[in-house]
Amino acid sequence: EAVENCCDESEDERDWVWLILREEAQQHAYNEPLLASFLFSTILNHKSLEAALSFHLANKLASPTISSTLLMELFRDALEESKDFRLACRRDLIAVKERDPACTFLLEAFLYFKGYHALQAYRVSHWLWSHERKAMAYFLHSQITKELHIDIHPGAKIGHGVFVDHGTGIVIGETAIVEDDVSMLHHVTLGGSGKKYGDRHPIIHNGVLLGAGATILGRIEIGEHSQIGACSLVLNDVPSFATVVGVPARIIGRKPGRNPASEMQQDFRSSET
Amino acid sequence: EAVENCCDESEDERDWVWLILREEAQQHAYNEPLLASFLFSTILNHKSLEAALSFHLANKLASPTISSTLLMELFRDALEESKDFRLACRRDLIAVKERDPACTFLLEAFLYFKGYHALQAYRVSHWLWSHERKAMAYFLHSQITKELHIDIHPGAKIGHGVFVDHGTGIVIGETAIVEDDVSMLHHVTLGGSGKKYGDRHPIIHNGVLLGAGATILGRIEIGEHSQIGACSLVLNDVPSFATVVGVPARIIGRKPGRNPASEMQQDFRSSET
Amino acid sequence: EAVENCCDESEDERDWVWLILREEAQQHAYNEPLLASFLFSTILNHKSLEAALSFHLANKLASPTISSTLLMELFRDALEESKDFRLACRRDLIAVKERDPACTFLLEAFLYFKGYHALQAYRVSHWLWSHERKAMAYFLHSQITKELHIDIHPGAKIGHGVFVDHGTGIVIGETAIVEDDVSMLHHVTLGGSGKKYGDRHPIIHNGVLLGAGATILGRIEIGEHSQIGACSLVLNDVPSFATVVGVPARIIGRKPGRNPASEMQQDFRSSET
Numbered sequence: 421e422a423v424e425n426c427c428d429e430s431e432d433e434r435d436w437v438w439l440i441l442r443e444e445a446q447q448h449a450y451n452e453p454l455l456a457s458f459l460f461s462t463i464l465n466h467k468s469l470e471a472a473l474s475f476h477l478a479n480k481l482a483s484p485t486i487s488s489t490l491l492m493e494l495f496r497d498a499l500e501e502s503k504d505f506r507l508a509c510r511r512d513l514i515a516v517k518e519r520d521p522a523c524t525f526l527l528e529a530f531l532y533f534k535g536y537h538a539l540q541a542y543r544v545s546h547w548l549w550s551h552e553r554k555a556m557a558y559f560l561h562s563q564i565t566k567e568l569h570i571d572i573h574p575g576a577k578i579g580h581g582v583f584v585d586h587g588t589g590i591v592i593g594e595t596a597i598v599e600d601d602v603s604m605l606h607h608v609t610l611g612g613s614g615k616k617y618g619d620r621h622p623i624i625h626n627g628v629l630l631g632a633g634a635t636i637l638g639r640i641e642i643g644e645h646s647q648i649g650a651c652s653l654v655l656n657d658v659p660s661f662a663t664v665v666g667v668p669a670r671i672i673g674r675k676p677g678r679n680p681a682s683e684m685q686q687d688f689r690s691s692e693t
Numbered sequence: 421e422a423v424e425n426c427c428d429e430s431e432d433e434r435d436w437v438w439l440i441l442r443e444e445a446q447q448h449a450y451n452e453p454l455l456a457s458f459l460f461s462t463i464l465n466h467k468s469l470e471a472a473l474s475f476h477l478a479n480k481l482a483s484p485t486i487s488s489t490l491l492m493e494l495f496r497d498a499l500e501e502s503k504d505f506r507l508a509c510r511r512d513l514i515a516v517k518e519r520d521p522a523c524t525f526l527l528e529a530f531l532y533f534k535g536y537h538a539l540q541a542y543r544v545s546h547w548l549w550s551h552e553r554k555a556m557a558y559f560l561h562s563q564i565t566k567e568l569h570i571d572i573h574p575g576a577k578i579g580h581g582v583f584v585d586h587g588t589g590i591v592i593g594e595t596a597i598v599e600d601d602v603s604m605l606h607h608v609t610l611g612g613s614g615k616k617y618g619d620r621h622p623i624i625h626n627g628v629l630l631g632a633g634a635t636i637l638g639r640i641e642i643g644e645h646s647q648i649g650a651c652s653l654v655l656n657d658v659p660s661f662a663t664v665v666g667v668p669a670r671i672i673g674r675k676p677g678r679n680p681a682s683e684m685q686q687d688f689r690s691s692e693t
Numbered sequence: 421e422a423v424e425n426c427c428d429e430s431e432d433e434r435d436w437v438w439l440i441l442r443e444e445a446q447q448h449a450y451n452e453p454l455l456a457s458f459l460f461s462t463i464l465n466h467k468s469l470e471a472a473l474s475f476h477l478a479n480k481l482a483s484p485t486i487s488s489t490l491l492m493e494l495f496r497d498a499l500e501e502s503k504d505f506r507l508a509c510r511r512d513l514i515a516v517k518e519r520d521p522a523c524t525f526l527l528e529a530f531l532y533f534k535g536y537h538a539l540q541a542y543r544v545s546h547w548l549w550s551h552e553r554k555a556m557a558y559f560l561h562s563q564i565t566k567e568l569h570i571d572i573h574p575g576a577k578i579g580h581g582v583f584v585d586h587g588t589g590i591v592i593g594e595t596a597i598v599e600d601d602v603s604m605l606h607h608v609t610l611g612g613s614g615k616k617y618g619d620r621h622p623i624i625h626n627g628v629l630l631g632a633g634a635t636i637l638g639r640i641e642i643g644e645h646s647q648i649g650a651c652s653l654v655l656n657d658v659p660s661f662a663t664v665v666g667v668p669a670r671i672i673g674r675k676p677g678r679n680p681a682s683e684m685q686q687d688f689r690s691s692e693t
């Protein structure tokens with residue numbers, strides 16, 4: 421698959437995500453001259469998706485106390501060293517485009533979705549965290565929280581193809597694990613239970629959909645392809661392919677074979693067996 | 421009514437909203453010298469409410485990639501071309517003052533209420549959207565979401581006299597319709613149901629009150645002058661004058677004749693019949 | 421106790437909170453050179469915790485319409501005039517470190533916790549409010565809400581040793597009272613009930629824990645050392661040492677002698693009697 425090859429050394433492999441972004445940027449710049457300079461500096465002026473992403477995030481997260489150039493170098497270092505990150509930033513982008521009916525261009529996801537921005541910036545903070553640069557990881561975490569209103573602890577582990585929609589108010593704790601192809605809406609909390617140390621946040625398995633305001637507390641497991649209804653409070657394990665809802669949540673249905681994170685079906689009335 | 425006449429060409433008609441704002445600004449500048457320069461540049465230096473609003477919003481939404489002067493011109497264009505917008509920005513202002521007991525001056529609503537700012541900036545993005553400038557509309561939407569933490573899709577339709585209190589975390593989807601004289605608190609979601617295209621977000625009729633954290637999903641209708649309790653999840657139509665609460669919500673009362681959006685009565689215990 | 425003495429004139433008394441902050445800042449600057457200049461300008465360059473806090477908050481809350489230097493002077497004035505504030509800013513800091521297992525240094529709480537920043541900036545706005553400088557208090561409130569996404573009305577009364585975790589989306593109304601040693605998570609609302617004037621927001625007694633998304637409406641009292649479950653909606657008084665949960669909330673347990681705000685035990689399953 422083309423995404424897999426983005427970082428291969430083979431000259432033949434094309435980075436089609438980046439090629440599409442460039443093409444869309446050219447088209448948008450032509451249609452909306454007011455944005456031409458923004459699109460040039462953010463996309464067209466760069467040689468790779470990695471360079472463009474570093475530039476764009478650095479502009480969003482700079483502050484009077486840390487310059488955008490310094491941040492940009494940090495992001496480029498993380499992207500250069502981590503092939504996993506290079507794959508993830510493409511798969512997350514595709515996930516937005518595939519799952520959000522309001523997103524008609526890959527370019528929109530890249531430029532404007534703050535859930536996407538916060539997730540990629542978290543990936544840098546997690547890279548710092550894993551390399552024992554916890555002070556810098558905390559600094560970056562603090563900037564992400566302040567500028568994008570999404571609070572992902574640098575210690576959390578998050579897979580590929582994750583779609584964070586809207587994103588305002590999301591909180592993901594230090595020992596949380598989010599596997600691949602998960603979708604989550606705004607106000608989701610993956611929180612701890614009590615002032616103990618060690619593993620104390622949830623594990624979200626592949627393909628789960630977390631509805632707006634879903635609050636999941638403690639070291640519990642949310643089984644793959646399950647769906648947590650909006651406004652629900654979950655304090656116990658949830659089996660795979662289940663739909664749960666309520667405060668506290670109870671199971672209202674189970675449909676093996678479905679893929680709620682991809683369907684983005686938030687209205688769970690249709691999920692009953 | 422004076423508001424109606426704000427944009428008439430008759431010289432006799434006075435724009436009393438603007439006159440009050442100027443008078444209050446003078447009084448505040450006299451009482452609090454630290455704010456004098458801010459009040460002069462934001463209010464007293466301008467010839468109309470339109471000019472002041474454009475200046476104020478542009479300062480709030482500028483970024484390293486788009487200058488405040490460019491945004492200010494854009495806002496002035498939208499206000500100049502749309503009489504509907506000129507009426508709405510006054511009626512929304514009056515709605516804040518009339519419905520919020522913590523708001524004692526029209527000036528406070530104008531200068532400080534981010535729900536008011538996000539709503540007016542959304543009106544500009546909707547004007548762009550309606551004129552087939554979707555790229556620019558998305559850009560502006562992204563700035564509003566980043567700077568004001570309120571996520572109103574440019575395609576949504578919102579009436580006049582709407583009061584957005586506090587506002588943090590509000591999400592209003594692409595095909596949502598909000599009629600006149602609605603009040604909503606923070607964390608309200610008017611969300612879609614699933615990855616389908618076309619009409620997929622709620623219709624909120626006249627005079628509805630949406631409590632803090634109310635989450636309304638799918639193409640359902642919330643009848644006029646009904647009240648959605650705080651923290652409620654609504655997945656079905658709600659009749660007019662009803663009060664609903666819970667996750668998922670159920671009807672707990674009905675009182676024809678009342679006007680919850682104006683009363684701002686969030687405690688629904690008293691609304692039972 | 422050392423905290424009590426921070427502002428004594430006795431030369432013998434050491435401000436150990438400030439001494440720890442300085443020591444940690446030196447250590448962090450040594451380990452992470454990228455942060456050295458930030459740590460120098462924010463901590464090491466200052467002669468007191470008051471000076472450092474004023475500088476740090478001013479940088480976070482400045483805007484094109486108000487300079488950071490003007491804000492810094494305002495914060496220093498408030499800290500100089502109010503011994504209560506000087507004690508509170510230390511006790512709140514210690515509360516973060518003691519109650520958050522993800523916080524390993526006092527320095528992290530001081531530099532990075534936006535709940536801490538919003539609470540201290542609110543204390544300045546409340547000082548302005550109490551000195552009849554309401555216009556300036558509203559201005560500052562507006563900046564806190566915009567920059568830190570936490571909306572505490574300047575008129576609210578908040579005690580010492582209060583821990584605001586994560587913080588995004590919190591709303592605390594004009595007549596709310598929060599006593600000492602309370603802990604609250606993100607999305608908490610202490611809201612009014614209706615458009616009446618006078619006392620209309622809750623009273624939260626000592627040592628209460630307010631879970632994520634807890635919404636408490638009206639002039640009700642939450643008894644000391646009680647625990648409000650995440651996502652709960654509370655419309656009635658809650659007795660001391662009780663645990664309540666649900667929409668609307670009901671009492672599910674009572675355990676005299678416990679201290680939920682200190683334990684941060686959000687998972688209330690274990691709290692039943």
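Chains as they are written, first to last, in my numbering: chain S, 421 to 693; chain V, 421 to 693; chain A, 421 to 693. Even glycine gets a Cβ: it sits at the ideal position worked out from N, Cα and C. Given the structure is predicted, the values throughout are model-derived calculations rather than measurements.
CB of residue i to nearest heavy atom of the ligand PLP: below 8 Å?
| i | result |
| --- | --- |
| S/F525 | Summarising the ligand content, the structure contains no ligands, and the ligand PLP is consequently not present. |
Residue i touches chain A at which residues, Cβ-Cβ below 8 Å?
| i | result |
| --- | --- |
| S/K577 | By Cβ distance, chain A contributes nothing, its closest Cβ being about 15 Å from S/K577, past 8 Å. |
| S/H551 | None at all; the shortest Cβ gap to chain A is about 11 Å. |
| V/S474 | Result: empty, since nearest Cβ-Cβ is about 15 Å, beyond 8 Å. |
Spatial neighbours of residue i within its chain, please: C-beta separation below 8 Å, excluding the five flanking residues on both sides.
| i | result |
| --- | --- |
| V/A515 | G581, V582, F583, D601 and S603 |
| S/G612 | G593, E594, T595, R620, H621, L637 and G638 |
| V/R368 | A query on residue 368 of chain V cannot be resolved here, the shown segment of chain V reaching from 421 to 693 and no further. |
| V/H537 | H476, L477, K480 and L568 |
Using a C-beta to C-beta distance shorter than 8 Å, which residues of chain S count as neighbours of residue i?
| i | result |
| --- | --- |
| A/E493 | Simply none; closest approach about 17 Å. |
| V/K467 | In chain order: nothing, as chain S lies at least about 25 Å away. |
| V/D571 | H586, T588 and H606 |
| V/K566 | K480, K534, E567 and L568 |
Which bits of chain S does residue i rub up against, with CB to CB less than 7 Å?
| i | result |
| --- | --- |
| A/H625 | Result: empty, since nearest Cβ-Cβ is about 21 Å, beyond 7 Å. |
| A/N451 | A555 |
Report the rounded CA-to-CA distance for residue i versus residue j, giving the unit in angstroms.
| i | j | result |
| --- | --- | --- |
| A/I440 | S/Y558 | 18 Å |
| V/I636 | V/I578 | 16 Å |
| A/H551 | A/D571 | 20 Å |
| S/H586 | A/K503 | 42 Å |
| A/E443 | A/W436 | 10 Å |
| V/Q540 | V/L481 | 12 Å |
| S/S488 | A/S468 | 30 Å |
| V/A529 | A/M684 | 37 Å |
| S/L464 | S/K566 | 28 Å |
| V/N626 | V/G666 | 22 Å |
Using a Cβ-Cβ cut-off of 6 Å (strictly less than) and excluding sequence neighbours within five positions of residue i, which residues of its own chain qualify?
| i | result |
| --- | --- |
| V/H561 | S545 and P574 |
| V/S430 | Low confidence applies here, because V/S430 scores a pLDDT of 49, under 50, leaving its location unreliable and the question unanswered by this model. |
Give me the chain V residues within the contact set of residue i, using Cβ-Cβ distance strictly less than 8 Å, ordered along the chain.
| i | result |
| --- | --- |
| S/A681 | Within chain V, no residue comes near S/A681; the closest Cβ sits about 10 Å away, beyond 8 Å. |
| S/T462 | T485 |
Cutting at 7 Å between CB atoms, please list the residues of its own chain near residue i, excluding the five before and the five after it.
| i | result |
| --- | --- |
| S/P676 | F661 |
| V/H466 | A472 and F475 |
| S/S483 | Q563 |
Against residue i, what residues of chain A qualify as contacts under a CB-to-CB distance less than 7 Å, listed in chain order?
| i | result |
| --- | --- |
| S/E500 | Chain A residues near S/E500: none, gap ~17 Å exceeds 7 Å. |
| V/L455 | A555, M556 and F559 |
Name the chain V residues that come within less than 7 Å of residue i, Cβ to Cβ?
| i | result |
| --- | --- |
| S/H448 | A555 |
Please list, in chain order, the chain A residues whose beta carbon lies closer than 9 Å to that of residue i.
| i | result |
| --- | --- |
| V/E443 | Near V/E443 there are no residues of chain A at all, since even the closest Cβ is about 14 Å away, more than 9 Å. |
Using a Cβ-Cβ cut-off of less than 7 Å, give me the residues of the stretch 626-646 of chain S that come near chain V, in sequence order.
A632 and G633
Can you list the beta strand (DSSP E) stretches of 3 or more residues lying completely in the stretch 489-538 of chain V, in chain order?
none
Along the stretch 645-669 of chain S, what residues have a CB closer than 8 Å to any CB found in chain V?
G649, A650, C651, S652, V665, G666 and V667
Could you tell me which whole beta strand (DSSP E) segments of length 3 or greater appear in the stretch 551-593 of chain S?
none
Runs of 4 residues minimum, wholly inside the stretch 436-480 of chain A: which ones carry the alpha helix (DSSP H) assignment?
436-451 and 456-459
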